[in-house]
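Here the structure comes first, spelled out in structure tokens, and everything after it is commentary.
Residue numbers (the working numbering): 25 to 477.
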């Protein structure tokens, strides 16, 4: 049994950075077009920062500039409650907690999910790496016999290496890991997310599960939850979308999320089409194909309050009524509908639609800001209000990305059936509320200035 043996415990932020770097290196090796995405994003960000000095200054002030180059999110799909519970423990060692509950069945995808991520201002500033983690909902598969067979296949597999489990238990027992143990833990955990080209089932079973839903086949038929995409953050997703085909990358037709705005909100995402990869099935010498892994780019805007999110959801629902339109027509309609949403940071702030981090302007101290309302101090330039970046996801956007990259054109229909309690029981704990986390960051910034909202 390993012990720390008086070694210094390395902090979770360092382990998370090691893990995110290792994940990026692995995905770059496995998916060559991912390297092209990184180049596009680097060019986009350099161009944007060079032409927008105020944005550069604001991102420097809030430490967002330091994290930009290393900002990624990944996504995995798990098959069983026990896999989810153990994954939750693994991510805890990396300083990543489950935030929010996402029901993707409303958009035709038979999973529900959470986002594992750092939650404090300090941890986000060091490395904001997050993983959108879905759990398959076999109860949404209509065929009882197929459901049972899929469950038996999943129950027979172990997605974690013995070393990863041993080091997990050590970290929980000792309160952490040494740097050497942490590096070994990262390497062992990384194996869970590696792509394997040999399926665990025969081709007939694969096809039956595939016919139930392409995502069901992706989860059930392989040794583990291969990372299905890794996503760098751009400051101008419209530039990236236009640039992808110029560099030989086939982009999806629509950018998911809100339209292009002067004051970006929430999350916009695009991707290249999923790869068709060679797969060898059990009991067969012939080679088949599977489509699952793709590349994605995201642009993150300001986090919205519950009131802001309610307005966003209402407008998105209105815009999506034209989802069958041609891409250009849909984008025009989306922009027209969202004209109702305030489009400057100050309008968002005064309307209570978004979260901000407050700080004293250069040359002013807290004693200078002790008098007057918050709005007055902001208008006088004594207090700076910087947007708090949205760290989470949008279920409709996630489902749209999944659907566009699973291949085919069919759209499954499921009765809306959120099951947050069932998900949390599988997880082994409650998910955190994203609004409370943003509110805490905003509140702490005001408290530091001796102010109240």
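The beta carbon of each residue, even a glycine, is placed where N, CA and C say it ideally should be.
Excluding sequence positions up to five away, which residues of its chain have a Cβ less than 6 Å from the Cβ of residue 58?
51, 52, 319
Quick check on this structure: which residue in 140, 131, 105 has the alpha carbon closest to the alpha carbon of residue 455?
140
6 Å Cβ shell around residue 419 - same chain, five flanking residues per side excluded:
126, 128
For the ligand GTP, I want to know if residue 159 counts as a neighbour, meaning its beta carbon is within less than 7 Å of at least one of the ligand's heavy atoms.
You won't find the ligand GTP in this model; it holds no ligand whatsoever.
Jot down the residue ranges of each uninterrupted alpha helix (DSSP H) in the segment 72-103, minimum 4 residues, whole runs only, in chain order.
77-85, 88-92
Is it true that the CB of residue 209 sits closer than 8 Å to the CB of residue 40?
no
Taking the DSSP output, what are the residues bridged to residue 294?
Bridge partners of residue 294 according to DSSP: 321.
For residue 474 and residue 268, I'd like the C-alpha separation in whole angstroms.
47 Å
Buried or exposed (CB count within 10 angstroms, at least 16 for buried), residue 117
buried
May I ask you to report which of helix, strand or coil DSSP gives residue 35?
coil
Among the candidates 241, 246, 121, 329, whose CA atom is the shortest distance from the CA of residue 36?
121
Please determine, among 397, 365, 304, 341, the residue with the shortest C-alpha to C-alpha distance to residue 328.
365
For residue 162, which residues from the same chain have a beta carbon less than 7 Å from its beta carbon, with the 5 sequence-adjacent residues on both sides left out?
171, 174, 175
Spatial neighbours of residue 463 within its chain, please: C-beta separation below 6 Å, excluding the five flanking residues on both sides.
none
At what residues does the beta strand (DSSP E) containing residue 518 begin and finish?
Any answer about residue 518 is impossible in this case: the structure gives the chain only from 25 up to 477.
Beta-carbon separation (whole angstroms), residue 257 vs residue 398, contact threshold 8 Å:
So it is not a contact: roughly 30 Å between Cβ atoms.
Using a Cβ-Cβ cut-off of 7 Å (strictly less than) and excluding sequence neighbours within five positions of residue 351, which residues of its own chain qualify?
Within its own chain, the residues whose Cβ lies closer than 7 Å to the Cβ of residue 351, once the five positions on either side in sequence are excluded, are 277, 278, listed in chain order.
On a CA-only basis, which of 283, 298, 285, 289 is nearest residue 274? Give me that one, please.
298
State the Cα-Cα distance for the pair residue 225 and residue 100, rounded to the nearest angstrom.
Straight-line Cα distance between these residues: approximately 20 Å.
Tell me, which residues are paired with residue 138 by DSSP?
157
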